[in-house]
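Structure first, then comments.
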Amino acid sequence: MRYSRENGTMSTKRSAFISGRFPHPRPLPEGEGWGEGFPGQGRSAAIHERSRVALKVACLILISALLPSGSARAAQAGWQEEWSKTIEAAKKEGKVVVSLPASADLRKGMEEAFGRRFPGIKLELFTARGGEATRRIVDEFKAGVRYFDIHVGGTTSVVMEFLPENMLDPVEPYFLLPEVKDPKNWWAGHMWIDRARKYVYGFQAYTFANVWYNAKLLKPEEVLSYDDFLNPKWSGKIGILDPRTPGAGDSTWSYLYMVKGEEYLKKLVAQKLLVDRNQRQLAEALARGKVALTLGLTEYSFLPFMEAGLPVKPLPTPREGTYTTGGSGHLTIIKNPPHPNATKVFVNWLLSKEGQDIFGKGLGQGTRRLDVDTKWLKELGVLAAKDFLTTEQFFAQENQSEEKVETVRKPALAISEKLFQ
Amino acid sequence: MIHESALPTKAQPIRVDLTLLLTTLLLALVAFAVLLPLAILIVNSFQLARPGAPAVFGLAGWREAVSSPGILSAVEYTFSLAIIRQIIALFVGIILAWLIARTDLPAKGWLEFAFWLSFFFPPLPLTLGWILLLDPKFGLINQWLMNLPFVHEPLFNIYSFWGIVWAHMTGSIGVKVLLLTPAFRNLNAELEESSRIAGVGPMGTLFHVVVPVMMPAILVSTILGLIRSLEAFEIELILGVPAGINVYSTKIYEFVSHSPPRFSTATALSAIFLAVLLLLVALQRLYIGRRIYTTLTGRGFSTRPIALGRWRTPAFILVAALGLVITVVPSLFLLLGTFMKLFGHFDIRGAWTLDNWRHIFNDPVLLRSLWNTVAVGLGAGLAGAILFSLIAYVVAKTRAPGRWLLDLLSWLPWSIPGVLISVALFWTFLQTPLFRPIYGTIYLLIIAMVIKSMPIGVQLIKSVLMQLGNEMEEAARISGGNWLSTYWLIVVPLIYPALLTVGLVTFISAARDISTVVLLGRGESRTLSLLMLDYTVGADFEKATVVAVMIVALVTVAALVARAVGGQISVRS
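Chains X and G supply the protein sequences, listed in that same order.
Here this note's numbering is used: the first residue of the first sequence is 5, the next is one more, and so on.
Here this note's numbering is used: the first residue of the second sequence is 380, the next is one more, and so on.
Given below as structure tokens:
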């Protein structure tokens with residue numbers, strides 16, 4: 005894949021997942037132009053008088069442009085006041101309960117920073133693997149137990165389990181800070197995963213190397229296309245993270261189904277794949293040269309091996325491209341959260357520069373927030389969409405939205421169950 | 380026998396009432412704690428509706444369970460792996476338990492402790508340790524052996540049927556020693572002495588005298604082991620899936636880890652397991668029947684160890700070598716792993732580091748997790764020891780009607796594989812208003828752990844109680860004691876070592892548990908095992924190993940304390 009560097013360029017051909025409000029030039033409607041001249045030309049005094057008035061108006065406009073307008077000032081005072089009131093109310097609620105992906109770095113980073121920023125509000129984190137967390141949240145919600153306020157994670161379980169239960173609050177009403185509300189601060193504006201475009205907010209967008217190779221066994225130029233995986237030379241030499249369970253193995257498999265079809269998958273399985281459900285073990289198999297290529301492992305699995313100087317490297321993206329994703333960066337709010345004000349505080353903090361920086365560093369994933377540095381992720385094989393992709397590229401290759409879960413992931417999963425018996 | 384009289388007489392009305400009351404109370408409690416989760420699961424096996432839709436009932440889950448691709452081969456692998464493991468572990472376990480409990484084997488206390496330790500090991504680091512040694516491509520042992528002139532290809536492959544059997548041996552033998560040794564200790568040495576006088580050698584005595592008398596304990600440990608093997612999961616997932624070996628439990632895991640989870644299929648599949656379990660329990664009851672296995676009576680008790688004579692040193696070397704291989708080697712790897720930059724990679728730059736330990740000690744939730752683990756473990760251990768001993772007492776020592784039902788019910792928490800029992804308990808607690816006030820608290824975790832440990836706890840105490848003659852209780856009754864004072868003053872001191880062991884096993888299960896804590900715990904009730912999960916999922920395997928070592932250290936301390944206390948009060952003194 006050859007991604008162009010179109011940092012910040014917005015497409016007028018918007019995807020269904022982007023809610024509008026982009027700052028692109030809008031042609032003026034006919035008859036609203038200024039080129040016709042003024043009526044009553046030649047009446048100089050009047051012109052002079054008008055010029056003075058115009059000058060005054062211009063000065064006023066200039067001054068008002070430099071200073072916040074009355075309404076803007078009121079708005080600013082409004083949000084600040086609302087923000088202060090929300091924080092006070094949140095302190096009375098005492099805590100906010102958030103379900104997060106299991107990761108020690110993320111947990112530590114979040115707890116420390118949030119605790120420092122909002123001393124009176126306890127951040128109670130619940131960390132688990134995606135499916136376990138969503139199952140628990142759904143069952144508690146149905147039983148009327150109100151414990152969780154927020155769930156942040158991948159999309160498959162959210163789309164398949166939360167959305168049908170009608171158990172989420174719209175996210176946007178919880179946006180309070182202007183820096184969070186303003187779509188201009190986000191690559192591609194505000195982005196939604198669900199068809200209703202209001203319940204599952206995606207705050208990350210990136211792509212990453214999900215094919216890795218052992219440099220002692222393979223030269224990257226030997227695998228330029230996914231078709232090269234079918235070369236008999238690689239029979240028994242390809243490892244894959246079990247695509248039957250949710251995760252990057254499932255995402256990679258679904259993408260292959262999307263771009264190459266079922267017949268290709270059959271041929272791939274005939275290559276005697278090493279199927280594993282343990283990421284560490286599969287990464288170890290590549291580092292030790294047991295396999296030459298792995299599919300579906302994330303950069304995080306290889307980090308310790310790279311640091312140790314072992315010959316594991318990300319393969320340049322094959323010709324057919326790779327999938328784009330929001331990773332674990334999807335925010336959902338459980339309907340009628342038990343701590344609504346603390347929820348509002350957490351949402352606005354999570355989507356602030358600091359929150360996004362900590363979340364991205366904790367998981368090694370790329371935020372869409374434009375003022376957060378994500379270039380460093382390239383070292384991990386992660387390309388943040390805002391640095392390397394256009395919106396068309398992102399949406400053409402994503403396979404995690406509600407629509408793609410239905411049309412791509414489900415059939416791909418059925419095929420994997422049939423082929424890996 | 381204290382409760383022989385079914386018809387209350389004027390002299391003993393309270394005793395009989397108390398027994399019946401106790402039995403009824405226990406039956407109600409156990410039935411509620413066990414049957415409700417089971418019923419909820421079975422109902423769910425017929426529930427086909429998609430999330431958000433109204434309930435629809437049907438047989439599709441059952442159809443999918445029996446026709447799912449590869450299910451036949453999975454069942455075949457499950458049973459063959461379980462049976463072979465049990466045969467090997469039982470044979471080795473009986474000899475070890477006998478040598479430790481009945482002979483003058485040197486350093487037997489420490490050897491027993493080594494086997495206990497092996498039972499505590501978290502399976503993931505243990506399995507990775509064996510992969511490091513026995514992988515066909517890079518396994519250290521294979522590489523060393525291939526340096527020999529006559530070895531041209533790797534001799535061992537851990538990713539195989541026998542590899543899985545081997546990786547399980549640590550836990551399988553450990554649990555046999557743990558379960559059988561207390562029972563072997565309660566054997567009156569007079570039986571062995573009679574055998575010796577009749578001219579039978581030590582091994583002959585073991586297999587012709589000791590084993591038949593020990594049958595209740597052996598059967599219970601075999602059935603427990605068999606059930607545990609049938610639902611074994613983690614090792615099969617790591618070693619089996621790459622080799623194309625699927626077992627019944629990995630199939631269930633597959634269904635449960637779907638999004639949304641396919642509970643109907645998973646629970647239908649687990650019904651097969653329930654049938655097998657009920658069959659095994661019935662067989663056990665049939666075999667034991669009305670035979671008498673009393674080995675400990677009030678008429679004098681000798682525990683004089685058998686002298687092994689010239690076999691003493693070879694036996695010691697053999698047992699020590701086995702203990703070394705299944706306990707010390709994995710312990711060393713586990714400990715080494717905590718100091719390595721990359722587990723198992725000795726030849727990289729800066730291979731050794733203290734960073735993993737430093738990192739964990741700086742984790743702000745470490746202390747809270749440690750405290751929660753201790754609290755849940757102690758609570759469950761204590762509550763479990765009391766409840767299980769009462770159940771076992773009613774089952775083994777009374778003739779109360781319904782005691783057979785109590786026995787059967789106490790097996791049932793293991794009729795559901797671990798990945799499902801946590802879900803079943805979660806649903807039960809969630810849907811029962813009685814539990815609402817303590818939902819999400821540490822107390823609910825303790826209750827869940829007690830239910831999960833019920834089969835092993837009850838059966839272990841029961842097998843020890845069956846060895847206990849009735850004379851001492853009868854003497855207590857004649858002296859005017861009621862069942863409570865008899866139980867407290869006579870039975871408890873006699874079975875104290877077994878009670879401690881049961882409390883310890885419950886403590887360990889609670890300390891290691893992940894699936895229940897994830898479903899029932901809250902942010903503030905996080906335990907060490909969840910901390911380990913955080914690091915494992917985040918690819919920080921070496922740091923996860925540090926937490927694993929902490930868990931092992933915690934249960935080792937608990938085991939040492941239990942042994943120290945048990946040594947003072949046990950029946951032997």
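Note that the Cβ used here is the ideal one computed from N, Cα and C, for glycine as well.
What you are looking at is a predicted structure, and each value in this text was computed from that prediction instead of being measured.
If you compare the alpha carbons of Val-589(G), Ala-661(G), Glu-633(G), Val-471(G) with that of Leu-557(G), the shortest gap goes to Val-471(G). Listed along the chain, the chain G residues whose CB falls inside 7 Å of the CB of Leu-129(X) are Gly-902.
CA-CA distance, Leu-180(X) to Val-897(G), rounds to 32 Å. Taking 7 Å as the cut-off, the beta carbon of Thr-885(G) is found no closer than this to the beta carbon of Ser-842(G). Linking Thr-347(X) to Lys-89(X) through their CA atoms gives a straight-line distance of about 13 Å.
Apart from sequence neighbours up to five positions away, the residues of its chain that approach Gln-838(G) with a beta-carbon distance below 7 Å are Val-599, Leu-603, ordered along the chain. For the stretch 235 to 258 of chain X, the set of residues with a beta-carbon nearer than 8 Å to any beta-carbon of chain G comprises Asp-246, Arg-248, Thr-249, Pro-250, in chain order.
In the three-state reduction of the DSSP assignment, Phe-612(G) falls in the coil class. Cβ-Cβ distances below 6 Å link Val-351(X) to Tyr-178 in the same chain, with the five nearest sequence neighbours on each side left out; the list follows chain order. Judged by their CB atoms, Ser-255(X) and Ala-416(X) are not nearer to each other than the 7 Å cut-off. Distance from the CA atom of Ala-927(G) to the CA atom of Arg-891(G), rounded to whole angstroms, is 9 Å. For a Cβ distance threshold of 9 Å, nothing in chain X lies close to Val-599(G): the least Cβ distance comes to about 33 Å. At a cut-off of 4 residues, the continuous stretches assigned as alpha helix (DSSP H) that sit fully inside the stretch 733 to 803 of chain G are 734 to 740, 745 to 776, 782 to 790. Every alpha helix (DSSP H) of 4 residues or more that sits fully in the stretch 205 to 284 of chain X is shown, in chain order, as 252 to 264, 266 to 273.
Identification of chain X residues near Ser-638(G) by a Cβ-Cβ cut-off of 8 Å yields Gly-134, Gly-135, Thr-138, Thr-160, Ser-161, Met-164, Glu-165, Pro-250, ordered along the chain. Around the beta carbon of Pro-174(X), a 10 Å sphere encloses fewer than 16 other beta carbons of the protein chains shown; the residue is thus reported as exposed. Taking CB atoms only, Arg-442(G) has no neighbour in chain X less than 7 Å away. The DSSP-derived three-state label of Pro-528(G) is coil. If you check each beta-carbon in the stretch 604 to 634 of chain G against every beta-carbon of chain X, the ones closer than 7 Å belong to Leu-616, Ile-617, Val-620, Pro-621, Glu-633. Cβ proximity to chain G below 7 Å picks out Leu-278, Val-279, Asp-280, Arg-281, Asn-282, Gln-283, Arg-284, Gln-285 from the stretch 275 to 290 of chain X. Neighbours of Arg-728(G) in chain X, taken as residues at a C-beta separation under 8 Å, are given in chain order as Ala-312, Gly-313.
For Gly-148(X), the secondary structure class from DSSP, reduced to helix, strand or coil, is coil. According to the DSSP assignment, Ser-103(X) belongs to the beta strand (DSSP E) that extends over 99 to 105. Nearest to Ala-596(G) by alpha-carbon distance, out of Gly-619(G), Leu-559(G), Leu-570(G), Ala-568(G), is Leu-559(G). Membership of Pro-182(X) in the alpha helix (DSSP H) is indicated by the continuous run 182 to 185. Rounded to whole angstroms, the separation of the alpha carbons of Leu-616(G) and Pro-876(G) is 35 Å. If you check the CB distance, Pro-533(G) and Asn-521(G) come in under 7 Å. With fewer than three CB-CB distances shorter than 8 Å, the stretch 287 to 300 of chain X does not count as touching the stretch 358 to 366 of chain X.
Between Asp-734(G) and chain X, the shortest Cβ-Cβ separation is not below 7 Å. Of the other Cβ atoms in all chains shown, 16 or more fall within 10 Å of the Cβ of Gly-370(X); this residue is therefore buried.
When the beta-carbon positions are compared, Ile-821(G) and Ser-904(G) come within less than 7 Å of each other. The C-beta distance from Leu-713(G) to Pro-504(G) rounds to 5 Å, short enough to meet the 8 Å contact threshold. Distances from the alpha-carbon of Ala-428(G) to those of Met-164(X), Gly-124(X), Arg-133(X), Lys-95(X) put Met-164(X) closest. Cβ-Cβ separation between Lys-220(X) and Gly-313(X): approximately 12 Å, too far for a contact (criterion under 8 Å).
The three-state secondary structure of Gln-522(G), taken from DSSP, is helix. Here the stretch 612 to 626 of chain G lies against the stretch 280 to 289 of chain X, with 3 or more beta-carbon pairs under 8 Å apart.
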